[in-house]
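There are 2 protein chains.
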Amino acid sequence: EDLLQANRDLAEENRRLLARCGVEAIDIMGCIGSGKTTLIHQLVGQLKGRRRIAVFKGDLTTTIDTDIIARHGVETVQINTGKECHLDANLVRKALAKIDLGSIDLLLIENVGNLICPADFQLGAEKRLVVISVTEGPYMVVKHSRIFMDADTVVINKLDLAEAMKVDADRLEEDVKHVNSNATVVKAICRDGVGINTVIESLGV
Amino acid sequence: EDLLQANRDLAEENRRLLARCGVEAIDIMGCIGSGKTTLIHQLVGQLKGRRRIAVFKGDLTTTIDTDIIARHGVETVQINTGKECHLDANLVRKALAKIDLGSIDLLLIENVGNLICPADFQLGAEKRLVVISVTEGPYMVVKHSRIFMDADTVVINKLDLAEAMKVDADRLEEDVKHVNSNATVVKAICRDGVGINTVIESLGV
Ligand SMILES: Nc1nc2c(ncn2[C@@H]2O[C@H](COP(=O)(O)OP(=O)(O)OP(=O)(O)O)[C@@H](O)[C@H]2O)c(=O)[nH]1
Ligand SMILES: Nc1nc2c(ncn2[C@@H]2O[C@H](COP(=O)(O)OP(=O)(O)OP(=O)(O)O)[C@@H](O)[C@H]2O)c(=O)[nH]1
Ligand SMILES: [Mg+2]
Ligand SMILES: [Mg+2]
Ligand SMILES: [Zn+2]
Ligand SMILES: [Zn+2]
Numbered sequence: 047e048d049l050l051q052a053n054r055d056l057a058e059e060n061r062r063l064l065a066r067c068g069v070e071a072i073d074i075m076g077c078i079g080s081g082k083t084t085l086i087h088q089l090v091g092q093l094k095g096r097r098r099i100a101v102f103k104g105d106l107t108t109t110i111d112t113d114i115i116a117r118h119g120v121e122t123v124q125i126n127t128g129k130e131c132h133l134d135a136n137l138v139r140k141a142l143a144k145i146d147l148g149s150i151d152l153l154l155i156e157n158v159g160n161l162i163c164p165a166d167f168q169l170g171a172e173k174r175l176v177v178i179s180v181t182e183g184p185y186m187v188v189k190h191s192r193i194f195m196d197a198d199t200v201v202i203n204k205l206d207l208a209e210a211m212k213v214d215a216d217r218l219e220e221d222v223k224h225v226n227s228n229a230t231v232v233k234a235i236c237r238d239g240v241g242i243n244t245v246i247e248s249l250g251v
Numbered sequence: 047e048d049l050l051q052a053n054r055d056l057a058e059e060n061r062r063l064l065a066r067c068g069v070e071a072i073d074i075m076g077c078i079g080s081g082k083t084t085l086i087h088q089l090v091g092q093l094k095g096r097r098r099i100a101v102f103k104g105d106l107t108t109t110i111d112t113d114i115i116a117r118h119g120v121e122t123v124q125i126n127t128g129k130e131c132h133l134d135a136n137l138v139r140k141a142l143a144k145i146d147l148g149s150i151d152l153l154l155i156e157n158v159g160n161l162i163c164p165a166d167f168q169l170g171a172e173k174r175l176v177v178i179s180v181t182e183g184p185y186m187v188v189k190h191s192r193i194f195m196d197a198d199t200v201v202i203n204k205l206d207l208a209e210a211m212k213v214d215a216d217r218l219e220e221d222v223k224h225v226n227s228n229a230t231v232v233k234a235i236c237r238d239g240v241g242i243n244t245v246i247e248s249l250g251v
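Note that the protein sequences, when read in sequence, are chains P and F. Using our numbering, read the first sequence as starting at 47 and increasing by one per residue. Using our numbering, read the second sequence as starting at 47 and increasing by one per residue.
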């Protein structure tokens with residue numbers, strides 16, 4: 047419990063620092079392989095003309111995702127978490143120290159693939175987005191309701207596979223609304239860019 | 047580190063208890079939605095005629111998976127982990143106390159969906175199986191190599207979607223072999239029962 051309180055305090059420090067520098071930050075969470083990097087790749091592609099963007103990515107050891115995003119020419123910071131299955135406010139604080147916050151106005155943080163711990167570890171980001179995929183099955187929201195409770199936007203991805211999976215995306219949307227009626231739910235095919243503009247609108251970026 | 051040592055000690059106790067009672071236990075791990083319950087459902091369907099089976103399932107709060115397996119008429123124990131994203135030896139010890147070990151000879155343990163923590167938390171099971179799905183993308187093994195290092199069997203599931211995902215299952219198999227040349231890799235479509243007999247052979251159950 048002390049661990050979570052210490053994390054909350056640091057998250058608040060991060061939040062104040064980002065606000066002072068006029069940087070909007072978004073914490074992007076979701077299961078392993080749900081489509082977080084693909085979504086960020088699409089967002090950066092659409093926004094880099096009018097926003098000054100940096101991307102943080104939390105991974106155990108590899109830099110595969112960071113390399114994909116770096117090709118856009120935006121600033122990226124790889125956060126290697128070692129054995130941790132979630133990012134925390136301290137890791138983000140250290141990553142913030144590596145960049146010139148005056149040179150950016152939008153920070154996208156890709157969390158470690160996990161629908162459990164990230165719910166408890168605030169990072170100091172202003173908005174929280176959760177990506178789920180229809181390929182994870184029909185009960186994914188019901189089984190992990192906590193992380194959806196304070197999500198601003200929920201993206202239901204890989205809609206191209208909903209039929210093959212026999213998963214009803216409308217039902218998943220209802221499950222989200224049941225847990226958090228304020229969340230904006232966007233049905234998407236991130237790989238093909240379907241739904242990206244709606245995500246941008248819902249985040250107000 | 048003390049936490050892991052304490053867990054190893056308890057796992058060893060579980061292992062001895064299971065061995066004394068002649069119960070084979072298998073720890074089934076994998077991402078959220080990779081197909082662990084579907085695999086267990088198929089295994090139980092094939093084996094319940096000749097083995098006396100019990101199934102443990104670790105979930106945050108719901109009993110959805112346990113209910114699916116219980117329909118087979120085999121003994122099931124739901125382990126609610128609350129906020130933990132992995133099972134540990136202590137939770138398994140408590141679950142073992144709830145069943146008559148003399149009445150079973152095979153225990154299937156479905157771990158919480160996660161490819162990170164379960165690698166460090168041995169449960170005392172004799173064999174470890176990891177289920178991955180082609181829908182999680184092409185880099186899933188490379189990004190999470192630790193959990194594959196001491197897996198006996200790795201099931202690459204949802205092969206029916208490999209083409210739609212543009213993911214090469216042979217490449218995933220190579221990634222597994224690269225990390226652990228002793229692991230048996232089985233390509234499967236668990237939903238339709240494809241590959242289940244090969245899984246049974248590789249586990250020797
Ligand atoms: N069919 C389909 N595949 C998609 C879609 N979006 C992403 N993918 C694929 O899903 C796989 C995983 O996508 P990523 O974007 O790497 O997922 P991630 O959430 O960043 O994964 P981790 O960082 O490893 O947790 C890749 O093979 C993508 O090409 C989609 O809309 N439809
Ligand atoms: N297309 C396809 N879908 C599958 C296959 N195997 C399982 N599924 C589907 O994948 C979804 C998740 O399967 P589960 O067996 O519940 O996965 P799990 O790993 O137990 O999930 P959690 O316990 O929630 O972590 C369900 O909708 C299944 O029907 C398969 O071989 N092909
Ligand atoms: Mg990623
Ligand atoms: Mg399951
Ligand atoms: Zn964690
Ligand atoms: Zn964990």
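For every residue, glycine included, the Cβ atom is placed at its ideal position computed from N, Cα and C.
Any chain P beta carbon closer than 9 Å to residue i
| i | result |
| --- | --- |
| N226(F) | no |
| D221(F) | no |
| K233(F) | no |
| A210(F) | yes |
| V177(F) | no |
| R192(F) | yes |
| V200(F) | no |
| D206(F) | yes |
| K189(F) | yes |
Exposure of residue i, with buried meaning 16 or more beta-carbon neighbours within 10 Å
| i | result |
| --- | --- |
| N60(P) | buried |
| H87(P) | buried |
| E182(P) | buried |
| E156(P) | buried |
| Q51(F) | exposed |
| N243(P) | exposed |
Same chain, Cβ closer than 8 Å to residue i, neighbours up to 5 away in sequence not counted
| i | result |
| --- | --- |
| E70(F) | L64, D151, L152, L153, E172, K173 and V251 |
| V180(P) | I202, N203, K204, L205, L207, A208, M211, V213, A215 and L218 |
| T127(F) | G104, D105, L106, L133, L137 and V158 |
| K129(P) | L106 |
| D238(P) | D206 |
| L249(F) | I72, K173, L175, D198 and T199 |
| A141(F) | F102, V123 and I125 |
| K2(F) | Summary: the structure shown does not reach residue 2(F), with chain F confined to residues 47 through 251, and so no result is reported for it. |
| K144(F) | V123 |
| I114(F) | T83 and H87 |
Contact with chain F by residue i, beta-carbon distance below 9 Å
| i | result |
| --- | --- |
| L106(P) | yes |
| T181(P) | yes |
| L137(P) | no |
| R217(P) | no |
| C67(P) | no |
| D238(P) | no |
| K94(P) | no |
| M195(P) | no |
Cutoff 6 Å; reference residue i; Cβ partners in own chain excluding five residues on either side
| i | result |
| --- | --- |
| L161(P) | C77, H190 and I193 |
Strand pairing of residue i, partner residues [DSSP]
| i | result |
| --- | --- |
| Q124(F) | K103(F) |
| N226(F) | Note: N226(F) sits in no beta bridge, so no partner. |
| R174(P) | D73(P) |
| E156(F) | I74(F) and K103(F) |
| V232(P) | V201(P) |
| V240(P) | I235(P) |
Residues near residue i by beta carbon distance below 7 Å, same chain, minus five either side
| i | result |
| --- | --- |
| D221(F) | V187 and V188 |
| T112(P) | K103, T122 and Q124 |
For the region 69 to 80 of chain F, list every residue whose C-beta sits within 7 Å of some C-beta in chain P, in sequence order.
C77, I78 and G79
Taking a Cβ distance cut-off of 7 Å, strictly less, list which residues of the region 145 to 170 of chain F are near chain P, in chain order.
N160, L161, I162, C163 and D166
Output needed in chain order: residues of the region 96 to 130 of chain F with a Cβ under 7 Å from some Cβ in chain P.
D105, L106, T108, I110 and K129
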